[in-house]
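In this note's numbering, each residue carries its 1-based index in the sequence shown increased by 1404.
No residue lacks a Cβ here, since even glycine has one placed at the ideal position from N, Cα and C.
Computed from a predicted structure; not experimentally measured.
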Amino acid sequence: MARQTKKRASRRRRQQQAPGWVWMMYGLAIGLAVALAVYLNDRRSLNAPVGPRDSVKAPAAQGEEIEAQPEDTVGHYDFYDKLRTLEVPTYEEVVLPEREAVDKSTPGMDQGPPGKFVLQAGSFKNFTDADRRKAQLALIGIEAKIQKVSIDADTFHRVRIGPVYDARSAKEMQRRLSEAKIDALVIRMSE
1405 MARQTKKRAS RRRRQQQAPG WVWMMYGLAI GLAVALAVYL NDRRSLNAPV GPRDSVKAPA
1465 AQGEEIEAQP EDTVGHYDFY DKLRTLEVPT YEEVVLPERE AVDKSTPGMD QGPPGKFVLQ
1525 AGSFKNFTDA DRRKAQLALI GIEAKIQKVS IDADTFHRVR IGPVYDARSA KEMQRRLSEA
1585 KIDALVIRMS E
């Protein structure tokens, strides 16, 4: 009877492989060689003399004359010559006369055009940003509302103050907001 032998695990000979860093160096060398070739090629094309281009011009209509432009103006800028001769006027400080103080209790005083005004203190894509602006306004004592508006499939959250029923009050509110470094837009509402 034949002897049974265990199958031995075949040992594959491991071929000598280069480590990963060697392959990285080969790639780096090839990349640098390509970059150098491109750089030198571009540099040669920049230094190549540029001759006059033959351009096709449309024929001139009868009675029109074509002005010939001199060929030697290429590379010459007259900006620097004009800059030297340019004179910039300077203005002395203008002192404006002081405005006379108007007594606010004067009956004929202009209260601005009557109407309904709203101040918009911001328009935000995120509700959290709009809510943050509303909180800033609450800290300075101004009540605001957030209005949700859809424009071209985008949703915006407008922070609005008001309504205010005269232009002077709206401008005063806008001044208070600008002191708090908040830009506001005064909008006249249609009746």
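Reduced DSSP secondary structure (H/G/I, E/B, other) of residue i
i	result
Y1481	coil
I1434	helix
S1594	coil
G1424	helix
D1570	strand
K1585	coil
T1532	helix
Q1540	helix
T1489	helix
T1510	Any answer about T1510 is weak, because its pLDDT of 37 lies below 50 and its placement is not dependable; what the coordinates show is given next. Residue state, collapsed to three classes: coil.
R1448	helix
R1579	helix
CA-to-CA distance, residue j to residue i, given in whole angstroms
i	j	result
A1557	K1529	12 Å
Y1569	D1482	59 Å
D1446	V1590	57 Å
Q1524	A1588	5 Å
A1584	S1554	29 Å
E1547	K1486	58 Å
I1434	T1532	52 Å
Q1421	M1428	14 Å
L1543	A1439	60 Å
R1536	G1545	14 Å
A1437	Y1443	10 Å
H1480	Q1578	53 Å
K1508	R1580	With a pLDDT of 48 at K1508, under the threshold of 50, the predicted position of this residue should be treated as unreliable, and no value is reported.
S1449	A1441	12 Å
L1432	G1424	12 Å
T1489	S1573	52 Å
DSSP bridge partner residues for residue i (one or two, in chain order)
i	result
T1559	S1554
S1527	R1562
K1520	M1593
K1549	R1564
Cutoff 6 Å; reference residue i; Cβ partners in own chain excluding five residues on either side
i	result
G1512	Per-residue confidence for G1512 stands at a pLDDT of 39, beneath the threshold of 50, marking its modelled position as unreliable; no derived number is given.
Y1430	none
Q1551	R1562, R1564
P1567	K1520, V1522
A1534	F1528, I1550, H1561, V1563
8 Å Cβ shell around residue i - same chain, five flanking residues per side excluded
i	result
G1519	Y1569, D1570, A1571, R1592, M1593, E1595
Q1540	A1584, I1586
F1560	S1527, F1528, K1529, K1552, V1553, S1554
S1582	A1588
Sequence-distant residues of its chain with Cβ nearer than 7 Å to residue i (five each side left out)
i	result
K1549	R1564
K1538	A1548, I1550, V1563
R1407	none
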